Structures are given as C-alpha cells and as structure tokens.
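Notes to accompany the following structure.
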Amino acid sequence: MPYRTFHDGRYVFIAWDRPAVGDIDGLVADLAKVRKLVAEPLVIFSVIPADGEPPAAAFRKQIVGRWEEILPKGETVHAVLVGSGIGASLNRAVLNTIRMFVRGRGIGKVYSAVATALREERVPDSITAERLRTAGILR
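Under my numbering, the first residue of the sequence shown is numbered 476, with each subsequent residue one higher.
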C-alpha cells in the first residue's frame with residue numbers, strides 16, 4: 476500500500492512508502508472525511524521512513540498544484556523524516572523544494588523521530604507510538 480492514514484480527533488498521520496500521483500486523489504478524499512468529523516483545523520504529520528523513496532517529479536508537481544485542497548489555510552503539516560542517511564537526506568531536499576513552491580504555507584517543523592514530534596507538538600496522550608505502530612504508521 477502506497478500510504479496509510481490514522482487520525483484521532485484533529486491529528487492526522489500519513490505514512491508514505493512509495494508516493495505515486497494516483498495516491499493524491501485518495502489522500503484528498505481521506506482528509507476531507509476527517510475534516511467533516513472535526514470542528515478544528517487539522518494538524519497533519521507526514522511520516523516518511525528512512526527507506527522511503529523520494530517522490531517522483533510528477534508527484535511533487537501534483538502536490539504543489541493541489542496544495543490548497545490538501546492543506547487549506549489554517550492547517551499545518553509537520554514532516555517526520557525518520558532516521559538519517561541518504562534516503563532521509565533526499566526526502567529533506569524534496570520537502571525543501573515543495574516548501575519553496577508553496578511558499579512555506581502550512582508547513583510546520585521537520586522532525587527525525589515520531590516521539591519527538593508527538594512531544595513537541597503536544598499531541599494528546601491518547602496518541603501513542605504503539606497505536607501508530609498498530610495502524611501501520613510506524614514500523
């Protein structure tokens with residue numbers, strides 16, 4: 476499966492392995508469903524594993540082109556680029572490119588560990604690493 480989502484209230488976690496252009500429609504629909512359930516702006520965490528493949532140019536172009544659907548004004552997405560090494564470095568470069576094209580709108584912090592992101596963003600205690608692991612967000 477190219478991506479997986481988990482949400483608890485306004486907090487949404489998206490795990491990517493091999494991002495593909497065809498995933499974007501599903502992601503937009505998934506996020507719209509969550510927005511109908513909550514009355515607050517979403518706080519999204521995009522989790523990319525250390526061995527996750529950087530997205531192709533076509534995917535990056537679609538993300539930028541549909542940014543307002545993916546992340547309406549007032550919402551934030553934080554990136555969790557798990558680990559270090561060449562894969563994480565390539566994904567950081569891609570994130571910086573996307574950030575440049577969307578002028579940074581809605582892009583929050585970049586973390587290298589989910590535990591740090593949970594703590595620093597004051598995510599509710601009900602969202603644990605174990606729940607995220609069970610949901611397939613963490614390996």
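Note that the Cβ used here is the ideal one computed from N, Cα and C, for glycine as well.
None of these values were measured; they are calculated from a predicted model.
Beta-carbon proximity check, residue i vs residue j, cutoff 8 Å
i: Asp483; j: Ile602; result: yes
i: Val589; j: Val555; result: yes
i: Arg608; j: Val569; result: no
i: Arg594; j: Ile582; result: no
i: Arg567; j: Val585; result: yes
Residue i CB to nearest heavy atom of the ligand GDP below 7 Å
i: Pro547; result: Of the ligands one can find in the structure shown there are none, so the ligand GDP has no counterpart to examine.
Extent of the continuous beta strand (DSSP E) run through residue i
i: Asp483; result: Tyr478 to Asp483
i: Val518; result: Val518 to Ile523
i: Ala554; result: Thr551 to Leu556
i: Ala490; result: Tyr486 to Trp491
i: Val585; result: Ile582 to Tyr586
Residue i classed as buried or exposed, judged by whether at least 16 other C-beta atoms fall within 10 angstroms
i: Val503; result: exposed
i: Asp500; result: exposed
i: Asp526; result: exposed
i: Ile538; result: buried
i: Glu550; result: buried
i: Ala436; result: The shown model of the chain, from 476 to 614, leaves out residue 436, and the question about it has no answer.
i: Asp498; result: buried
i: Leu615; result: Nothing about residue 615 can be reported from this structure: the residues present for the chain run from 476 to 614 only.
Where the alpha helix (DSSP H) through residue i begins and ends
i: Leu607; result: Ala604 to Thr609
i: Ile538; result: Ala532 to Gly540
i: Val509; result: Asp498 to Leu512
i: Leu593; result: Val589 to Glu595
Distance between residue j and residue i (C-alpha atoms, nearest Å)
i: Trp491; j: Leu546; result: 17 Å
i: Ala495; j: Pro529; result: 10 Å
i: Gly611; j: Ser564; result: 23 Å
i: Gly558; j: Pro524; result: 7 Å
i: Ser521; j: Ala507; result: 16 Å
i: Ala532; j: Ser587; result: 23 Å
i: Thr572; j: Phe488; result: 21 Å
ask   = Counting Cβ pairs closer than 8 Å, one from the stretch 516-527 and one from the stretch 537-553, do we hit at least three?
value = yes
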